[in-house]
Amino acid sequence: MAVTAVHSTLVTPADETRDAPRTGRARSGSSRGSSRRQAREPESRAEKKNRTRQALLDTTMDLVADRSFSGLSLREVARGSGIVPTAFYRHFTSMEDLGVTLVEDSMRVLRRTLREGRRDLAARKALPTATNSLEILLDHVRDNEAQFRFLIREQHGGVPEIRRAIDTELRLFSKELAIDLARIPDMAAWTPDDLELVADLIVTIMLTAVADLLDGEYRGAAVEDEVVDRAKRQLVMVFLGMTRWDPQRSG
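Heads up, the sequence shown stops at 251 in the UniProt record's numbering, and the numbers go up one at a time, no gaps.
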């Protein structure tokens, strides 16, 4: 998030440097005047509020790196963000509201990343598109480990509001994938329920791969390659089954 900072910069043009008297008072006055001219406008109230809100989100993400969200207190989140506890409520209605916002922000970025990666979806390219989406997802996981550790841990965590938020976001993820699958000519006759069922299977495979990559036991390039290869083979099996599926038998 861009934050406007107030800088005081001393600038003396070359001509003024040559012509200015060598007295300390003249230099000081010129510098102060230049500094005032160069100073930027103070941070607005909206900018300050956004900065504090982001600080609360960032602090929370740092705190949940090695423990569950339910173990956090509002007081320690506020303290880590440099505000008093009562100021927390200017940004979030509750700790649960803060947690749900973390989920929505993390998943929004993920869905946008995957959507951009699927733009080249072409006819009869379901499998390459799925494996490409898997690679995009895993690259995103490596770049944003903290967010994904939070999502994987809290998917079955102790805060109902966060569990529901994650479930909602995953459903949106599956629905977007189902829409992509529906554009494939060979799947044009599939029912929406069947498309969503396949999308759910693909998402489950992807999430399992993410959880395995984030597991402390899965470290090192060789092991990561093994996890990715296993997920790709699972996707191949899903798509082989799709080619044999008769939509008329559905239901």
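Cβ atoms here follow ideal geometry from the backbone N, Cα and C, with glycine treated the same way.
Status (buried if at least 16 other CB within 10 Å, exposed otherwise) for residue i
i	result
Q147	buried
G220	exposed
A26	Note that A26 scores a pLDDT of 44, beneath 50, so its modelled location is shaky; the value from the coordinates is reported in the next line. A26 comes out exposed.
I205	buried
A222	exposed
S81	buried
T93	exposed
S44	exposed
V109	exposed
D194	buried
L72	buried
D143	exposed
D246	exposed
Continuous alpha helix (DSSP H) stretch holding residue i: start and end
i	result
I166	160-182
F239	221-244
V77	74-81
T208	192-214
D62	45-63
F150	145-154
For residue j and residue i, believed in contact at Cβ under 8 Å, the rounded distance
i	j	result
K232	L134	7 Å
V198	V238	7 Å
L56	V77	6 Å
A178	E196	5 Å
R51	H91	Their Cβ separation, rounded to whole angstroms, is 11 Å, which puts R51 and H91 out of contact at 8 Å.
A209	L114	The Cβ separation is near 14 Å, so there is no contact.
* Hey, is the region 227-240 in contact with the region 149-166, meaning 3+ C-beta pairs nearer than 8 Å? -> no
* Specify whether the region 132-152 and the region 64-78 touch according to this definition: at least 3 beta carbon pairs, one from each stretch, less than 8 Å apart. => yes
* Cβ pair count under 8 Å reaching 3, the region 87-107 against the region 169-178 -> yes
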